[in-house]
Amino acid sequence: MSRRVIAHALPWGNVGGTELATLRLAEALRAGGYANRMLVPHLPGAQDVADLMRDHGFPVSRYHQVAPRKANPLPFFANGARLAAGFLRDGVGLVHG
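Here my numbering runs 1152 ahead of the position in the sequence shown, where the first position is 1.
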């Protein structure tokens, strides 16, 4: 049986409570046999978040945050499709975000 993969999409570009709680959750899940991938946004200061996750042994990918716009929703949907394709490629079965 292949290892189950969980992707954790982090919303902010700085280290705070959300990032530390996600790190603790991922560590507990790893102990339970799950593989974890961290998605860190392309935002100022986000390198600190990526470094923290890598230092704890988690693979890190970067993603672009695209705001939905009523006038032109296509970039938002295209970004979602890119993320979904990456999840399928990496065998992600659950996204935590």
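A virtual CB, placed ideally from N, CA and C, is assigned to each residue, including glycine.
With a cut-off of 8 Å on the beta carbons, I'd call V1201 and L1162 a contact; round off their distance for me.
Indeed they touch by this definition, with Cβ atoms about 6 Å apart.
Since V1157 contacts V1244 with CB under 8 Å, what's their CB separation in whole angstroms?
5 Å
A1236, DSSP secondary structure in three states:
helix
For N1188, count neighbouring Cβ atoms within 10 angstroms of its own Cβ and tell me buried if that reaches 16, exposed if not.
buried
So what's N1231 in DSSP terms, helix, strand or just coil?
Reduced to three states, the DSSP call for N1231 is helix.
Out of D1207, H1216, A1219 and Q1217, point me to the one whose CA is closest to E1179's CA.
D1207
Same chain only: Cβ atoms within 8 Å of A1219, ignoring 5 sequence neighbours per side:
F1228
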